[in-house]
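Peer 1: Handing you this structure, nothing more for now.
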Amino acid sequence: MSGSPPPGKQNYQGGSSSSSDPQQQLISRPVQRHLVHVYLVLAAMLGISAIGATTQSPFNGLIETGVTFGSAMGVMTLPRDNMFRWPLLGTYSLFSGMSLSFLIQQFLYMDPSGTLLLGALSAAMFIFLGLSASATLANRRSMIYVGGIAGSLLGLLAWTGIANLFFFGSRSLFSAELYLGLIAFSGFVIYDTQMIIERASAGIRDIPGHAMDLFMDLFSLFVRIAIIFLERENNNNNRRGRRRRRDDDDDNNNNNNNFNRGWRSFSSRRSRF
Numbered sequence: 001m002s003g004s005p006p007p008g009k010q011n012y013q014g015g016s017s018s019s020s021d022p023q024q025q026l027i028s029r030p031v032q033r034h035l036v037h038v039y040l041v042l043a044a045m046l047g048i049s050a051i052g053a054t055t056q057s058p059f060n061g062l063i064e065t066g067v068t069f070g071s072a073m074g075v076m077t078l079p080r081d082n083m084f085r086w087p088l089l090g091t092y093s094l095f096s097g098m099s100l101s102f103l104i105q106q107f108l109y110m111d112p113s114g115t116l117l118l119g120a121l122s123a124a125m126f127i128f129l130g131l132s133a134s135a136t137l138a139n140r141r142s143m144i145y146v147g148g149i150a151g152s153l154l155g156l157l158a159w160t161g162i163a164n165l166f167f168f169g170s171r172s173l174f175s176a177e178l179y180l181g182l183i184a185f186s187g188f189v190i191y192d193t194q195m196i197i198e199r200a201s202a203g204i205r206d207i208p209g210h211a212m213d214l215f216m217d218l219f220s221l222f223v224r225i226a227i228i229f230l231e232r233e234n235n236n237n238n239r240r241g242r243r244r245r246r247d248d249d250d251d252n253n254n255n256n257n258n259f260n261r262g263w264r265s266f267s268s269r270r271s272r273f
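In full-length UniProt numbering, the protein residues as written are 1 to 273.
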């Protein structure tokens, strides 16, 4: 029919358009409201997680891992209209934060001022917000392929991590896993953001589920950035320690040389007497 639009990708308003249609880049108001709600819930989850991170657990992470996994499965499997998903989402946020308490303690041990921890948090938030914003402003589905690449890379890293744990024990390989994992979860931020827009455009406006997807991405980014920061700070401390010991050894050698020269001078004067 002459009045029907040409075949192509659907835009965010639910119509159909070609890839060159500028309307394809627009997001409808209902989807915009959904994104606002998702990011508000994400902010609340981060606040609850911060409270959990200040709680020191006596269970060495075992209870936290079990509760986090169980609550996440509940949020994902329960029907979207089930109100019990909201307390499960809060539980997931709280125990996710509690699982970070040991990592936070390591940060504060190495830098009691908290500057290092603030730097890791700022870096994770900057990367997350930048990638999520770029995925929101990009053309529809233009970055969804990133999810396949990130998933393949994450699977490769999982097998590499197992092999490194049981067979190699290489710190260089561990560092490479951290950086590659950072790249993989950066890809998941882009993928999940565009998938949330796609699902919301199709009428699937699952605020708890979508907020949890983004929280997982941000959580994974922060953990890897935090470990990278700790590794770098530890290496800097080791270098400063070696330099300090080397300077102390040089000072001791200079003192010994001065003592030996003074003793030889004193001995020569005594021999003349």
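Ideal placement from N, C-alpha and C gives every residue a C-beta, glycine not left out.
Classify residue 92 as buried or exposed, calling it buried when 16 or more other Cβ atoms lie within 10 Å of its own Cβ.
Peer 2: So residue 92 counts as buried.
Peer 1: Alpha carbon to alpha carbon, how far is residue 216 from residue 111? Give it in angstroms, no decimals.
Peer 2: Going from the Cα of residue 111 to the Cα of residue 216 covers about 26 Å.
Peer 1: Buried or exposed: residue 47, going by 16 or more other Cβ atoms within 10 Å of its Cβ?
Peer 2: It is exposed - the Cβ of residue 47 has fewer than 16 other Cβ atoms within 10 Å.
Peer 1: What residue range does the alpha helix (DSSP H) around residue 77 cover?
Peer 2: Note, residue 77: alpha helix (DSSP H), 62-77.
Peer 1: Looking only at C-alpha atoms, which of 38, 210, 223 and 81 sits nearest to residue 182?
Peer 2: The option with the nearest alpha carbon to residue 182 is 223.
Peer 1: Quick check: the region 84-103 against the region 203-216, are there 3 or more CB pairs under 8 Å?
Peer 2: Yes, the region 84-103 touches the region 203-216.
Peer 1: Runs of 4 residues minimum, wholly inside the region 160-218: which ones carry the alpha helix (DSSP H) assignment?
Peer 2: Complete alpha helix (DSSP H) runs here, min 4: 171-201.
Peer 1: Which whole-angstrom value is the C-beta distance of residue 65 and residue 136, which I expect to be below 8 Å?
Peer 2: Not really, about 32 Å apart at Cβ, beyond 8 Å.
Peer 1: Report buried or exposed for residue 131, applying the criterion of at least 16 other Cβ atoms within 10 angstroms of its Cβ.
Peer 2: Residue 131 should be labelled buried.
Peer 1: From what residue to what residue does the alpha helix (DSSP H) around residue 106 run?
Peer 2: Unbroken alpha helix (DSSP H) run through residue 106: 101-110.
Peer 1: How is residue 32 classed by DSSP in three states: helix, strand or coil?
Peer 2: Helix, per DSSP.
Peer 1: In three-state terms, what does DSSP make of residue 93?
Peer 2: Three-state result, residue 93: helix.
Peer 1: Between the Cα of residue 106 and those of 147, 117, 51 and 94, spot the shortest distance and give me the residue it belongs to.
Peer 2: Cα-wise, what sits closest to residue 106 is 117.
Peer 1: Using a 10 Å radius around the Cβ and a threshold of 16 neighbouring Cβ atoms, would you call residue 165 buried or exposed?
Peer 2: Answer is exposed; the Cβ neighbour count stays below 16.
Peer 1: Between the Cα of residue 71 and the Cα atoms of 232, 161, 95 and 57, which residue gives the shortest distance?
Peer 2: Comparing Cα-Cα distances from residue 71 to each of 232, 161, 95 and 57, the minimum goes to 95.
Peer 1: DSSP three-state label for residue 45, please.
Peer 2: Here residue 45 sits in helix by DSSP.
Peer 1: In the DSSP assignment, the alpha helix (DSSP H) including residue 118 goes from what residue to what residue?
Peer 2: 115-137 is the extent of the alpha helix (DSSP H) around residue 118.
Peer 1: Work out the CA separation of residue 98 and residue 119 for me, nearest whole Å.
Peer 2: One C-alpha to the other measures close to 20 Å.
Peer 1: With distances taken from CA atoms, which of 38, 124 and 209 is nearest residue 219?
Peer 2: Nearest of 38, 124 and 209 to residue 219, Cα basis: 124.
Peer 1: Let me confirm a value: residue 68 is counted as buried when at least 16 other C-beta atoms fall within 10 Å, else exposed. Which label applies?
Peer 2: Result: buried.
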